[in-house]
Amino acid sequence: DAGVTQSPTHLIKTRGQQVTLRCSPKSGHDTVSWYQQALGQGPQFIFQYYEEEERQRGNFPDRFSGHQFPNYSSELNVNALLLGDSALYLCASSFTGTGYGYTFGSGTRLTVV
Amino acid sequence: TQLLEQSPQFLSIQEGENLTVYCNSSSVFSSLQWYRQEPGEGPVLLVTVVTGGEVKKLKRLTFQFGDARKDSSLHITAAQPGDTGLYLCAGRANPGGSQGNLIFGKGTKLSVKP
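For the record, the sequence lines run as chains P and V. Take the first sequence: its letters are residues 242 to 354, numbered as in the working numbering. Take the second sequence: its letters are residues 821 to 934, numbered as in the working numbering.
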């Protein structure tokens, strides 16, 4: 049973560019959440998608946007990249209505130069 | 803004020693989770505690949720090198299972030397 799959695993971008990160949730999960984890910090909530809509959003600027597809997979888009966007981006999936735990992917390491 | 403070930030101990990691907040959480994260990987859920005063054991790991649901602790008995990693506590403000975001602490980086 595949867990959460994220792609790519590593990415290097230049300031001002745009990036798209992808996430396939664990089989049976319908909710996808995105987190940003800077070096030496805990993950910070970006937003959560359920039924193809953004259900909740953290304190991130509009440069961060997302999408959820009918098959529950999700994308995170970041526009006008800043050096401070360099971080590990984690996708977590869950099934709404049961349980409390997320299953996290291994993340995408984004470096902005 | 709800915050979770973890202490200590770093912990380096010898194999066989015991240790306790703390997670504190001024806010009440409906549930609290502990995760372990290894370099280059995502966090892996260890336990969820929901009821104030709840104690859960997972082999050599003991988790406790404070009576007021504002704090939690993780105690490891006879630590082993395989316990090395970043331990994160995460609280959920809203009840209702997986709905709603998790608020993470900064983590405790544990190193267990053979």
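The beta carbon of each residue, even a glycine, is placed where N, CA and C say it ideally should be.
Going straight from the alpha carbon of residue i to that of residue j, what length do you get?
i, j, result
"P859 of chain V", "L906 of chain V", "8 Å"
"S851 of chain V", "G925 of chain V", "14 Å"
"G269 of chain P", "I923 of chain V", "24 Å"
"Q259 of chain P", "H895 of chain V", "43 Å"
"L908 of chain V", "L252 of chain P", "25 Å"
"R298 of chain P", "F286 of chain P", "7 Å"
"S327 of chain P", "Y276 of chain P", "13 Å"
Would you kindly report the start and end of the unbroken beta strand (DSSP E) that includes residue i?
i, result
"Q309 of chain P", "F305 to Q309"
"T246 of chain P", "T246 to S248"
"S827 of chain V", "E825 to S827"
"R298 of chain P", "E294 to R298"
"R880 of chain V", "No beta strand (DSSP E) holds R880 of chain V; DSSP gives it neither H nor E."
"V867 of chain V", "V864 to V869"
"A279 of chain P", "Neither: A279 of chain P is in no beta strand (DSSP E) and is coded neither H nor E."
"D891 of chain V", "D891 to I896"
"N844 of chain V", "L839 to N844"
Nearest to residue i by CA position, among the options, is which residue?
i, options, result
"C264 of chain P", "P:Y313, P:E292 and P:A321", "P:Y313"
"L831 of chain V", "V:N921, V:P901, V:D887 and V:V875", "V:P901"
"T932 of chain V", "V:D903, V:T871 and V:N921", "A small fix is needed here, since residue 932 of chain V is Val in this sequence, not Thr. V932 of chain V has its Cα closest to that of V:D903, out of V:D903, V:T871 and V:N921."
"Y343 of chain P", "V:P863, V:L824, V:Q822 and V:G927", "V:P863"
"R889 of chain V", "V:L878, V:T897 and V:G911", "V:G911"
"E825 of chain V", "V:Y855, V:K876 and V:S846", "V:S846"
"R304 of chain P", "P:Q247, P:P249, P:V245 and P:T261", "P:T261"
"T250 of chain P", "V:K929, V:I833 and V:E861", "V:E861"
"F288 of chain P", "P:G281, P:A279, P:P302 and P:L280", "P:P302"
"T928 of chain V", "V:L823, V:Y842 and V:L878", "V:Y842"
"K879 of chain V", "V:T897, V:T871 and V:V870", "V:T897"
Is the CB-CB distance between residue i and residue j below 8 Å?
i, j, result
"D891 of chain V", "N838 of chain V", "no"
"S306 of chain P", "Y290 of chain P", "no"
"R350 of chain P", "L322 of chain P", "no"
"F849 of chain V", "A913 of chain V", "yes"
"K267 of chain P", "V353 of chain P", "no"
My assumption, with CB atoms under 8 Å, is that residue i sits in contact with residue j. Please give the rounded CB distance.
i, j, result
"F885 of chain V", "G873 of chain V", "7 Å"
"L881 of chain V", "L866 of chain V", "7 Å"
"Q853 of chain V", "T840 of chain V", "In fact, because the Cβ distance is near 17 Å, the residues do not count as touching under 8 Å."
"S334 of chain P", "T272 of chain P", "6 Å"
"R256 of chain P", "L317 of chain P", "Incorrect: roughly 18 Å between the Cβ atoms, too far for contact."
"E293 of chain P", "Q278 of chain P", "In fact, because the Cβ distance is near 25 Å, the residues do not count as touching under 8 Å."
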